[in-house]
Amino acid sequence: MDATPIPAAQAGAAPALTPMMAQYFEIKAANPGYLLFYRMGDFYELFFEDAEIASAALGIVLTKRGKHLGEDIGMCGVPIHAANDYLNKLIKLGHRVAICEQVEDPAEARKRGSKSVVKRDVVRLITAGTLTEDDHLDARASNFLAALSMVRHGETDFALAWADVSTGETFTVDLAAEQLGDELARIAPAELLMTDATRSTLTERHLFAPAWARITHAAPAESFDSERAGVELRNAFPATAFDPSALSRAARAALGAIVAYVRESQKGTGVVLRAPIPEAANRRMAIDAATRASLELHQTHRGDVRGSLRQSIDLTVTAPGSRLLSARLAAPLADAEAINQRLASVGFLVDDTMLTGRLRTDLKAVPDLARALTRLALERGGPRDLAAIGKAIQAAQALARHFAGFDALPAVLATLAETLGAAPGSLAAELAAALADDLPLLTRDGGFVRKGFDRALDDEQTLASETRAVVAALQARLMDETDVRSLKIRHNGVLGYFVEVPASHGGKLMEEPHRQSFIHRQTLANAMRFTTTELAELEGRMARARDAALEIELRIFDRLRTAVLAQTDALRQLADALAELDVTAALAQLAATRSYCRPDVDTSLAFRIEGGRHPVVEEMVRADGQSFVANDADLSGADGEGGGRLWLVTGPNMGGKSTFLRQNALIAILAQMGSFVPAEAAHIGVIDRVFSRVGASDDIAHGRSTFMVEMVETAAILNRATRRSLVVLDEIGRGTATFDGLSIAWAAVEALHETTGCRALFATHFHELTSLAKTLARVSNVTMKVREWEGEVVFLHEVGPGAADRSYGIQVARLAGLPEPVLQRARQVLTTLEQRSSGTMSSDGRASVLDDLPLFAHQPPPRPAEADPVHTALDAVRPDELTPRQAIEALYELKKIRDDARRS
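Here it is, written out as structure tokens:
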């Protein structure tokens with residue numbers, strides 16, 4: 021939510037404004053749409069509507085500070101030292117914050133007059149897409165700022181540019197209109213820039229997804245000007261690294277908007293983005309937004325990471341490695357050669373588990389090099405970021421040594437080993453020598469340079485530490501001279517160093533012979549404070565020593581920072597190599613510990629899985645001490661046959677159809693991202709697109725029923741799938757009338773077979789569809805096997821040839837806990853409907869199902885019969901405990917009970 025700017029009329033009411041508020045209005049007017057964190061001493065304060073918004077969002081007190089135009093000025097504030105926590109909450113709620121700091125020494129302001137205010141200015145704009153601090157970021161997730169541009173010439177062209185400001189990674193892609201939703205679902209930007217005109221066009225064409233509204237920010241049209249963008253890009257990127265003319269006009273416009281927005285947000289610290297990487301859609305597998313949600317690639321339907329495919333397979337040990345794994349899962353490759361290069365590297369490490377273990381051990385020590393480097397480039401880094409650079413280089417050197425003994429490495433590992441071996445070791449040595457073991461967070465805290473690194477610094481620090489000892493000695497001497505054993509020398513930010521004695525002894529120091537030595541400073545309820553000439557001189561020497569030491573440390577920090585930034589390109593390549601090695605080793609560990617196999621990936625239309633398993637479900641059932649039932653799938657098609665095979669999957673509810681469908685789609689995605697797969701063997705011809713429509717959901721908030729959502733997603737599949745695609749469909753047509761649904765499902769199967777020719781799994785409860793296997797050459801019937809035992813149904817979760825004879829829905833309803841009378845009535849209805857379907861007439865010859873099942877014909881089940889008194893009495897008899905006489909008496913008693921029952 022944007023904060024409403026202060027009206028210009030108010031800003032212009034100069035006579036009513038204090039100098040401080042005049043300054044506030046000027047800065048606020050220059051930064052509309054931002055909550056202004058206005059520095060006031062040790063607090064950031066917010067005023068007017070900003071204060072109302074922030075107090076409500078943060079749960080802090082809204083108070084008042086003076087009046088403006090006769091009205092109270094609302095105000096709230098947060099302490100500087102805790103500002104990060106408050107900023108984090110505001111950003112997560114969708115707000116944007118401008119940080120306004122004092123940019124001059126208050127002493128300079130006083131030189132201009134007693135009423136002059138300290139100069140302030142906005143030093144940074146903080147938005148969801150421009151975060152760089154670890155406090156604000158998820159270490160294992162990218163944080164993208166995206167820009168969408170639209171260029172009209174004949175047809176409308178779109179392009180996306182996106183960048184992770186915290187690492188510098190930058191990308192562009194040209195898009196058709198129908199690809200926008202899928203690409204944004206893949207990228208998942210934290211913030212999206214576009215002009216009002218672009219948003220209006222998308223809305224008119226029903227292309228603007230409601231979910232985008234929360235992250236979209238309206239950027240000025242001039243920032244998307246492609247001609248202006250060319251100049252912006254040449255200034256932002258070295259000419260040797262990037263040629264803007266290589267991009268389309270739309271891509272230049274989008275990238276120019278990104279660069280302009282980042283430059284404005286950083287307020288003069290520059291743009292530290294990497295040269296953009298243009299992406300080609302045909303180089304990766306296309307996965308639409310509905311499929312990502314259906315397959316739960318990065319999060320479950322409930323929005324949880326736990327239970328998703330990413331969470332299940334992510335065995336990386338570094339944050340950059342986890343981010344790269346997530347990116348590869350979001351965009352698997354569609355190039356067989358590149359896929360096999362990745363698989364070869366994973367396979368090499370799978371075959372050498374000892375090497376994999378050593379690599380993973382050393383990788384655990386690797387810090388987040390890319391984000392530390394970015395903070396240093398933005399002048400926002402500290403001593404710990406310098407240390408992170410040094411540790412990353414040292415770890416790279418250790419990792420490179422593990423590969424030294426191998427004569428032949430797969431291409432990917434060979435390149436990684438070369439990059440790791442070229443790490444700037446001299447820089448790491450300098451950083452290790454300069455930085456202390458225990459480092460402060462901020463440079464201004466000092467104490468981060470190792471003792472012995474700089475002699476001048478050591479001299480000043482020694483002076484400062486010795487003067488502290490002198491303070492203790494002075495305190496002891498003054499105690500002896502005054503005979504006041506409770507005398508203490510203390511320090512605070514207002515008085516500096518002072519002598520403090522209990523109030524009962526204060527008068528003694530104000531009398532002879534001490535009054536000449538002790539100068540009274542302050543009287544408190546229980547104490548009196550004094551200073552002495554000697555103490556003031558000592559404080560001056562200490563302050564000068566501390567300031568001199570800090571000044572030397574800051575110079576050392578700047579020198580080290582400059583040395584690091586001089587190696588920016590090499591360090592970025594090193595960061596990439598470390599992340600890729602982590603992913604490769606993690607996938608090898610995954611394969612080795614979970615019995616995954618290397619898939620055979622080529623350019624054919626093959627899709628043959630032997631003993632396939634669902635990677636997420638398998639881990640869940642294993643945690644429960646059970647084993648997963650593996651299944652085969654063969655959708656392979658020869659080029660001469662015109663396409664891949666289509667399996668019609670029938671079987672009972674709860675039989676495992678959905679799991680079987682999803683696992684094959686997930687196996688394809690894992691294979692093409694470069695991972696081994698959960699199967700005994702797999703042969704996969706490169707898939708250009710994966711489509712999955714499994715499960716039912718609605719979108720009531722936007723006027724779409726469950727069936728409408730189903731039809732929209734099915735339409736996308738039928739319109740966009742190609743011969744090289746993999747389609748997974750479940751229960752098409754079940755959300756409408758039986759004949760309507762059956763007709764739609766029938767036509768969809770024919771379209772997939774005749775028109776698309778893709779490899780497909782089509783699960784259905786319309787058993788009539790199984791007859792298509794007789795007329796469509798590439799259609800096969802398979803079913804989920806079940807067994808019935810003493811009236812119970814047992815789900816085997818096995819896939820076998822053939823078609824199911826029924827769906828066992830009533831048995832599943834019983835397992836779900838439906839009341840027995842409802843189940844009995846359901847069985848009666850089912851029997852009647854099955855008789856009608858087979859042409860069997862009811863016993864009295866009625867031909868209409870409505871006659872057989874009239875609306876009010878059903879009667880409640882009869883009340884249970886009363887218990888037989890004879891049986892009840894007989895149940896109470898214990899023959900082994902009766903004497904002969906008691907047995908005869910019991911027999912007569914039973915006869916009497918029977919006779920009484922007959923008479924009644």
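For the sequence shown, the residue numbers in this note's numbering are 21 to 924. The beta carbon of each residue, even a glycine, is placed where N, CA and C say it ideally should be.
Query	Result
Measuring alpha carbon to alpha carbon, tell me which of Glu-450, Arg-395, Ala-701 ends up nearest Leu-461.	Arg-395
Across the segment 596 to 611 and the segment 359 to 379, are there enough close Cβ pairs to call them in contact, namely three or more that are closer than 8 Å?	yes
Could you tell me which residues DSSP pairs with Asn-546 in its beta bridges?	Paired residue(s): none; Asn-546 is not in a bridge.
Is Leu-344 buried or exposed, if buried means 16 or more other CB atoms sit within 10 Å of its CB?	buried
Using the three-state DSSP reduction, which class does His-115 fall into: helix, strand or coil?	coil
What do you get for Asp-11, buried or exposed, if any count of 16 or more other CB atoms within 10 angstroms of its CB means buried?	Nothing in the structure corresponds to residue 11, since the chain is present only between 21 and 924.
Out of curiosity, what's the CA-to-CA distance linking Ala-431 and Leu-363?	11 Å
For Thr-38, is the classification buried or exposed, using 16 other Cβ atoms within 10 angstroms of its Cβ as the cut-off for buried?	exposed
Quick check on DSSP: helix, strand or coil for Gly-466?	coil
Nearest by alpha-carbon distance to Glu-480: which of Ala-392, Met-562, Gln-542, Asp-708 is it?	Met-562
Looking only at its chain, what residues have a beta carbon closer than 6 Å to the beta carbon of Leu-690, apart from the 5 residues adjacent to it on each side?	Val-697
Are the beta-carbon atoms of Ser-169 and Ala-280 separated by less than 7 Å?	no
So what does DSSP say about Glu-211, is it helix, strand or coil?	strand
Any idea what DSSP makes of Tyr-64, helix, strand or coil?	strand
On the DSSP bridge assignment, give the partners of Lys-87 in chain order.	Asp-92
Run through DSSP, which three-state label would Pro-258 get?	coil
Alpha carbon to alpha carbon, how far is Arg-905 from Leu-843?	50 Å
Of all the alpha helix (DSSP H) runs that stay within the bounds of the segment 283 to 371, which reach a length of 4 or more residues?	309 to 315, 329 to 333, 339 to 350, 356 to 370
With respect to the beta strand (DSSP E) encompassing Ser-712, which residues constitute its N-terminal and C-terminal limits?	709 to 713
Excluding the 5 residues preceding and the 5 following Arg-918 in the sequence, name in chain order all residues of the same chain whose CB lies nearer than 7 Å to its CB.	Val-890
Please report the straight-line C-alpha distance between Ala-351 and Glu-299, rounded to a whole angstrom.	11 Å
Just checking my contact of Leu-110 with Leu-55 at CB under 8 Å: how many whole Å lie between their CB atoms?	7 Å
Could you tell me how far apart the beta carbons of Pro-619 and Ile-704 are, in whole angstroms, since I believe they sit closer than 8 Å?	5 Å
Which residues in the same chain have their Cβ closer than 6 Å to the Cβ of Ser-162, if we skip the five residues on either side of it in sequence?	Asp-184, Arg-343
With a threshold of 8 Å on Cβ separation, who are the neighbours of Val-282 within its own chain once the five nearest residues in sequence on each side are excluded?	Thr-150, Leu-165, Ala-183, Val-185, Val-291, Leu-293
Does DSSP put Arg-682 in a helix, in a strand, or in coil?	helix
What is the rounded straight-line gap between the Cα of Thr-83 and the Cα of Thr-553?	44 Å
For Asp-478, does the three-state DSSP call read helix, strand or coil?	helix
By DSSP, does Ala-443 sit in helix, in strand, or in coil?	coil
Checking 7 Å against the spacing of the C-beta atoms, do Ile-687 and Ile-629 come in under that value?	yes
For a quick check, are the C-beta atoms of Ile-359 and Val-621 less than 7 Å apart?	yes
Per DSSP, what kind of secondary structure is Tyr-912 in: helix, strand or coil?	helix
Looking only at its chain, what residues have a beta carbon closer than 6 Å to the beta carbon of Arg-779, apart from the 5 residues adjacent to it on each side?	Phe-627, Leu-655, Gly-664, Leu-746
Counting only runs of 3+ residues fully inside the segment 487 to 561, write out the beta strand (DSSP E) ranges in chain order.	508 to 512, 516 to 522, 539 to 543, 547 to 551
Buried or exposed for Phe-759, please, with buried defined as at least 16 other CB atoms from any protein chain shown within 10 angstroms of its CB.	exposed
Within this structure, are the beta carbons of Gly-86 and Ile-93 separated by less than 7 Å?	yes
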